[in-house]
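Q: With my numbering applied, the sequence shown corresponds to residues 435 to 1648, in that order.
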Amino acid sequence: MYTTSNYFVCSYFCLSLSSSQSVEEQEVERETTNTLLLLCVPLSLSLSPERKVPKPYRSGLNTHKASDKDLLISSCQMSSLSRELVFLILQFLDEEKFKDAVHKLEQESGFYFNMRHFEEMVTNGEWDEVEKYLSGFTKVDDNRYSMKIFFEIRKQKYLEALDKKDRAKAVDILVKDLKVFSAFNEDLFKEITQLLTLENFRDNEQLSKYGDTKSARGVMLAELKKLIEANPLFRDKLNFPTLRNSRLRTLINQSLNWQHQLCKNPKPNPDIKTLFIDHSCGQSQPNGARAPSPVTNALMGGLPKPAGFPPLGAHGPFQPAQGPLPTSLTGWMSNPAPVAHASASAGPIGFNSSNNAALLKRPRTPPSNSAAIDYQTADSEHVLKRSRPFGLSDDVQQVNNLPVNILPVGYTSQNHGQSSFSTDDLPKAVVMTLSQGSAVKSMDFHPLQQILLLVGTATGDVILWELGTREKLAQRNFKVWELKSCSMPLQASLANDYTASVNRVIWSPDGTLFGVAYSKHIIHLYAYHGGDNLQDKLEIEAHVGSVNDIAFCFPNKQLCIVTCGEDRLIKVWDANTGAKQYAFEGHEAAVYSVCPHYKENIQFIFSTATDGKIKAWLYDNVGSRVDYDAPGHSSTALAYSADGTRLFSCGTNKEGDSYIVEWNESEGAVKRTYIGLGKRSVGVVQFDTTKNRFLAAGDENMVKFWDMDSVNLLTTTDAEGGLQASPCVRFNKEGILLAVSTNDNGIKILANTDGIRLLRTVESRSFDSPKIGAGAMVKPPSMGTFGASNATVAANLVDRVAPMASMVALNGDNRNLPDVKPRITDESIDKSRAWKLIEINEPSQCRSLRLPDNISAMRVSRLIYTNSGVAILALAANAVHKLWKWQRNERNTSGKATASIAPQLWQPTSGILMTNDISDRNPEDAVPCFALSKNDSYVMSASGGKISLFNMMTFKTMTTFMPPPPAASFLAFHPQDNNIIAIGMEDSSIQIYNVRVDEVKTKLKGHHKRITGLAFSNVLNVLISSGADSQLCVWSTDGWEKQTSRQLQIPAGRAAAPLADTRVQFHQDQTHLIAVHETQIAIYEAPKLECLKQWVPREASGPITHATYSCDSQSIYVSFEDGSVGVLTATSLRLRCRINPASYLPANPSLRVYPLVIAAHPSEPTQFALGLTDGGVYILEPLESEGKWGTLPPENNAGPSTASVAANLDQPQR
């Protein structure tokens, strides 16, 4: 059967044969028509098989046929140069997101037919725009293909008007658009006209199977694409030529550079305006160009690649010696620039390169003829329209316009032959150990606050430590912010394994931003405002595969991010908008590290790859300027001395051989190779520099130190043992503290005398607030327009810090600024010094037991104790239930659950498992739920499919009911009738279901998203519901009417996930209840839902995953995404004990494990169970000698003793 759509298509393929055609041509035409008609048959839906194709369609008349001559004339309407220029402009407009201009130029030039744009317009029914776009490429009567294209579009427009009962519009379309086709086939036009007489055009037998608008457009679009591809007028117009990114910008930059090289008196910074007039750089030269001199002839003769910068033959790093340079140019590398560098060097994973140094050779033309120009291209003009980060002025050298904490500073030449340092200046004394929970991958000290340490781990966690108090100020776990915006490969990777490792963390030069590079595609940029105030700023899918390094740079006076990755690319991103600025390709292996630098108006990036290649790039999208091998073809990182005058590298090759060397910057050769690294290193050896004097590398489970001027090993330290084989090492900017990673997923902080004094000073102080405000970055008295210091600094610290040395340059050595908090006394603090928050960090500090399990491990989605307290029931993400039972014996006379004795994973003799119905749904995508009867005899459960009722003794399925959709998302038994159950649904409704009679008594509607919590009060006779819409509702259980509702108060600065669960649970008094959300714990009073207290955890712990009252309602157990568990006093919502994951979880750097659910024992107030992401279930109890989790905090608002690390944290908000 034929659809009318295909009928019309086929009929117009037979529209007519020209009388001028020969018999042979007519035969070919008919044969083609018959073939096309046959092809239409399988697609047909509605034409009656008895109906014959009308005679006009069998014979027809031919339309105009485009000749080869016509096509030749059409293709030659514009010259080849014009055609290529249009493609360049189209690429430029597309990159700049000028979408309307792009499509307008496509249409007017007729060079490129954008099929994707055409599909979007057709799908959206933008018929006028569709015809307007087509008009740039063909007209209705150009040939038979064009006629069929326009007919199909207008016919669909006509049918849609009829479908909408808009007869006036249909008549208008018939007269203005379809009438033109009547000249070729009058019968068809009459048949189309007759559709107006029908109430529903589907009454026409041919159109009886016509679907909805969307499906009809889809069928038509498929036909249109075939017609367009077959139409000779679209030949060579359907494919866009392959161009490198920003090709037009590159060509313009090359042109400017070429003119500038031929100029007698070139301007130091010619701008884009030279495009609008003939090039002129000198006042006396109208044109400015001149014949090339012998010098520039030689320069251009060796020009391998034209670009916005001269080639490396002019001033490239690692160039072979080509004879002596002019006397005036010698020593170019030996003297550092007297102004601040306008870029921040960020070295590769695990080492510091926070200062710039020149590596590019001196140009072989005199300084006045400098060809090293970074032109203000069209791209930079566009960039300048955006707001500048940190309020930077147009000229970063204007001191008064620089942001606070960023002052230009010059460095005098350092006489490296004489040393004023000794080994006592090296930080070697272990002053503290920090527990991370997973292996440390990268570290970086804050550039201004010397005791803030940023850490990235193997499980994707990013932690900010304050060393003075040994406190985690903030923590971020790996989470993709906008998963739907990610590429399909990344989504697929995350679907299989939603974990990633941190490869690199790095602070921006002024410490207001930091970047994180992950092992899966993306980077995150955070804004830091002091204390624990972190804000998500940018998420960029930077590379395919691992992002191996990230750094900050400052091309064109705009803060940018440089990244490199497994896809062999280096990319530059705008740090404010996330827009991609440059992309460099040329490496033949994964790029291991990047190191951006700035020197004498030359901005460049060095990159190293895992095959040992070192390349240099200028910001011009042209290509690499050097290609040299690192020692031993190793995966190498580059770093500079603090003053930016000496270049070092350290790396390890595939054979395990490691090299740490200093480079001769002018020669591109190794100046000295340091002795002392192990012969077979484990992993890549990481290193750092400090004080313009020392090198440190982590190797052979120790830290090794060298004097920069001596190849022999200076000294070593094992930091009292426990270091990784090749530990991460990182100095703070002063060089008085050194962070080094340990085997047990921790960090040891080493200090010299000054470092110890600094830490003790901070530890001895009391503070009004535990958080460091943005204004509390202590600065010594400064000069000029900067006012006096905004905080009081201890005299002993001020005395030993020179004011000028402590001023911070954008790229200078920021290592003379101590971070000291203001001393503010508060009597209320002293009153509470007797109380301390209990921190449980070691397994010996509590009793814990992982329940035995021989069934495949999947994350635990739901967890509950039986009402008798002798068993624990878990529901895993794969829809399988697990039941553990404790046996009564001499060691356990009560037979109840305990952490002292392992239970039995119980199964009936039949060996069957309680497995929920999952229908066709992936159980891991479902919202699992279950509820246990009061007598523990059966459990009702669902995992996205039907609700199942299981016998807890035999594990047999007693019945199933309520097939989805919608699926059940929460279950709760009525407290007075086990036959009545409240079922929260994914469609936001609540169904009150009678199991005995298999009947839904009523349906409650009041939420906007799925139901995530239900709780009955048998005192108030109400049901409290909570949903993913962060709303609480109260329903009377007498008539099931809604009494009131309340929206959760999301804390300021906290953003909740779109479908974050909200759980509710009644207190023992059946009047008060807790609402548990990932951002808070809140206490409400029913039935009015008045919020009495709210507790907001600090962000370092990560989101709350679950919480529950203890059985006596005196405590609240709260689990977090960082693996920790908090114990709150229920009456005041004060944190009195924190159980860190190291106390109950074994160390496993490659696996991030945390509790998803928490359950309280029904009769033991101090016992609770955790269901983990790895499928494990743990029982936790305090030590018998303790008998409780911590002590009650003071009821007043006084802060706790500063001797307690976390006592200042997690206090109630109201």
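No residue lacks a Cβ here, since even glycine has one placed at the ideal position from N, Cα and C.
(1) Leaving out five residues before and five after Gln1410 in sequence, what residues of the same chain have Cβ atoms less than 8 Å from its Cβ?
(2) Within 10 angstroms of its Cβ, does Pro740 collect 16 or more other Cβ (buried), or is it exposed?
(3) Counting along the chain, where does the beta strand (DSSP E) carrying Glu1519 start and finish?
(4) Measure from the alpha carbon of Gln628 to the alpha carbon of each residue in Gly652, Ala617, Leu593, then state which is nearest.
(5) Helix, strand or coil: how does DSSP classify Asp878 here?
(6) Are the Cβ atoms of Ala908 and Ala1490 separated by less than 7 Å?
(7) According to DSSP, which residues form a beta bridge with Lys660?
(8) What does the alpha-carbon distance come out to for the pair Leu1614 and Gln1601?
(9) Helix, strand or coil: how does DSSP classify Met1387 here?
(10) Less than 8 Å between C-beta atoms, sequence neighbours within five positions excluded: which residues of the same chain meet that for Asp1608?
(11) Which residue or residues does DSSP assign as beta-bridge partners of Gly1418?
(12) Should Gly1046 go down as buried or exposed, given a rule of 16 or more other Cβ atoms within 10 Å for buried?
(13) Since Ala1023 sits in a beta bridge, which residues does DSSP pair it with?
(14) Does the beta-carbon of His1315 have 16 or more other beta-carbons within 10 angstroms, so that it is buried, or is it exposed?
(15) Hey, out of Ala1603, Glu1519, Tyr932, whose CA is closest to Gln1502's CA?
(16) Following the continuous alpha helix (DSSP H) through Tyr1588, name the residue where it begins and the one where it ends.
(17) Taking the DSSP output, what are the residues bridged to Val1314?
(18) Put Asn1166 into one of helix, strand or coil per three-state DSSP.
(19) Exposed or buried, what is Leu1569 when buried is set at 16 or more other beta-carbons lying within 10 Å of its beta-carbon?
(20) Is it the case that the region 630 to 650 contacts the region 541 to 551, given that we only count it when at least three CB pairs across the two stretches are under 8 Å?
(21) Thinking C-beta only, is Leu1567 closer than 7 Å to Lys1527?
(22) Along the chain, where does the alpha helix (DSSP H) containing Trp1529 start, and where does it finish?
(23) Hey, out of Lys1182, Ala1462, His880, Leu1457, whose CA is closest to His1442's CA?
(24) Quick check: the region 919 to 933 against the region 896 to 910, are at least 3 beta-carbon pairs closer than 8 Å?
(25) Out of Ser1334, Glu1089, Ser1058, Val1468, point me to the one whose CA is closest to Leu1454's CA.
(26) With which residues is Met866 paired in a DSSP beta bridge?
(27) Check each candidate in Val1361, Ser1027, Ser616 and name the one with the smallest Cα separation from Pro1399.
(28) Between Pro861, Leu1626, Thr1079, Asp1359, which lies nearest to Asn1126 when the distance is taken from Cα to Cα?
(29) Under a three-way DSSP split, which group does Arg959 fall into?
(30) Taking just the CA atoms, how far does Arg651 sit from Glu554?
(31) From what residue to what residue does the beta strand (DSSP E) around Val996 run?
(32) Roughly how many whole angstroms lie between the Cα atoms of Val896 and Ile1289?
(33) Which residue spans inside the region 588 to 669 form an unbroken beta strand (DSSP E) run of at least 3?
(34) Below 8 Å, how does it come out for the region 519 to 527 and the region 645 to 665: are there three or more Cβ pairs, yes or no?
(35) Quick one: using the 10 Å Cβ neighbour count with 16 as the cut-off for buried, is Ser1041 buried or exposed?
(36) Between Leu1147 and the rest of its own chain, which residues show a CB-CB distance below 8 Å, the 5 nearest in sequence each way excluded?
A: Short version:
(1) By 1-based counting over the sequence shown, the position of residue 1410 is 976. Counting only Cβ-Cβ distances below 8 Å, and skipping sequence neighbours, we find Asn1452.
(2) To locate residue 740, count along the sequence shown from 1; it is residue 306. Because Pro740 sits at a pLDDT of 34, beneath the cut-off of 50, its placement in the model cannot be relied upon, and the point is left open.
(3) Indexing the sequence shown from 1 puts residue 1519 at position 1085. Unbroken beta strand (DSSP E) run through Glu1519: 1514 to 1519.
(4) In the sequence shown, the residue the question calls residue 628 occupies position 194. When only C-alpha atoms are compared, the closest one is Leu593.
(5) Taking the sequence shown and counting its residues from 1, one reaches residue 878 at position 444. Strand at Asp878.
(6) As a first step, residue 908 is located in the sequence shown; it is residue number 474 there, counting from the start. As a first step, residue 1490 is located in the sequence shown; it is residue number 1056 there, counting from the start. Cβ atoms of Ala908 and Ala1490: not closer than 7 Å.
(7) Locating residue 660 in the sequence shown gives position 226, counting from the first residue. Answer is none; Lys660 lacks a bridge partner.
(8) For the purposes of this step, residue 1614 is taken as residue 1180 along the sequence shown, with counting starting at 1. For the purposes of this step, residue 1601 is taken as residue 1167 along the sequence shown, with counting starting at 1. Cα to Cα, Leu1614 sits roughly 6 Å from Gln1601.
(9) Counted from its first residue, the sequence shown places residue 1387 at position 953. It is coil, neither helix nor strand.
(10) Within the sequence shown, the letter at position 1174 stands for residue 1608. Excluding positions up to five away in sequence, the list reads Ala1291, Arg1293, Leu1585, Val1587.
(11) Numbered from 1 along the sequence shown, position 984 holds the residue referred to as residue 1418. Answer by DSSP bridge pairing, in chain order: Phe1404, Ile1424.
(12) Walking along the sequence shown from the start, residue 1046 turns up at place 612. Buried, because 16 or more other Cβ atoms sit within 10 Å of the Cβ of Gly1046.
(13) Here residue 1023 corresponds to residue number 589 of the sequence shown, with the count starting at 1. For Ala1023, which the question treats as bridged, DSSP gives no partner whatsoever.
(14) On the sequence shown, position 881 is the one that residue 1315 refers to. Per the 10 Å Cβ criterion, buried.
(15) Here residue 1502 refers to the residue found at position 1068 when the sequence shown is read from its first residue. The shortest C-alpha separation from Gln1502 is found at Glu1519.
(16) Along the sequence shown, one-based indexing puts residue 1588 at 1154. It is not in any alpha helix (DSSP H) - Tyr1588 carries neither H nor E in the DSSP assignment.
(17) The count along the sequence shown starts at 1 and reaches residue 1314 at position 880. Paired residue(s): Thr1349.
(18) Taking the first residue of the sequence shown as 1, we reach residue 1166 at position 732. Asn1166 falls in the coil class under three-state DSSP.
(19) As a working mapping, residue 1569 is identified with position 1135 in the sequence shown. Classification of Leu1569: buried, given that the 10 Å Cβ count is 16 or more.
(20) no
(21) Within the sequence shown, residue 1527 is the residue found at index 1093, counting from 1. Within the sequence shown, residue 1567 is the residue found at index 1133, counting from 1. The answer is yes: Cβ separation under 7 Å.
(22) If you number the sequence shown from 1, residue 1529 lands on position 1095. Counting along the chain, Trp1529 falls outside any alpha helix (DSSP H), though it belongs to the beta strand (DSSP E) covering 1524 to 1529.
(23) Taking the first residue of the sequence shown as 1, we reach residue 1442 at position 1008. Checking every option, the nearest Cα to that of His1442 belongs to Ala1462.
(24) no
(25) Here residue 1454 refers to the residue found at position 1020 of the sequence shown. Checking every option, the nearest Cα to that of Leu1454 belongs to Val1468.
(26) Locating residue 866 in the sequence shown gives position 432, counting from the first residue. Answer by DSSP bridge pairing, in chain order: Ile1183.
(27) The residue you call residue 1399 lines up with position 965 of the sequence shown. Pro1399 has its Cα closest to that of Val1361, out of Val1361, Ser1027, Ser616.
(28) On the sequence shown, position 692 is the one that residue 1126 refers to. For the residues Pro861, Leu1626, Thr1079, Asp1359, the minimum Cα distance to Asn1126 belongs to Thr1079.
(29) By one-based count along the sequence shown, residue 959 stands at place 525. Sequence inspection shows Leu at residue 959; the Arg mentioned does not correspond to that position. Strand, per DSSP.
(30) In the sequence shown, residue 554 corresponds to position 120, counting from 1. In the sequence shown, residue 651 corresponds to position 217, counting from 1. Straight-line Cα distance between these residues: approximately 11 Å.
(31) As a working mapping, residue 996 is identified with position 562 in the sequence shown. It spans 994 to 999 - the beta strand (DSSP E) in which Val996 sits, taken as one unbroken run.
(32) Translated into positions along the sequence shown, residue 896 becomes position 462. Translated into positions along the sequence shown, residue 1289 becomes position 855. The straight-line gap from Cα to Cα measures roughly 33 Å.
(33) none
(34) no
(35) Residue numbering aside, residue 1041 sits at position 607 when the sequence shown is read from its first letter. Burial call: buried.
(36) If you number the sequence shown from 1, residue 1147 lands on position 713. Same-chain partners within the cutoff: Tyr1108, Ile1109, Gly1110, Lys1138, Phe1139, Trp1140.
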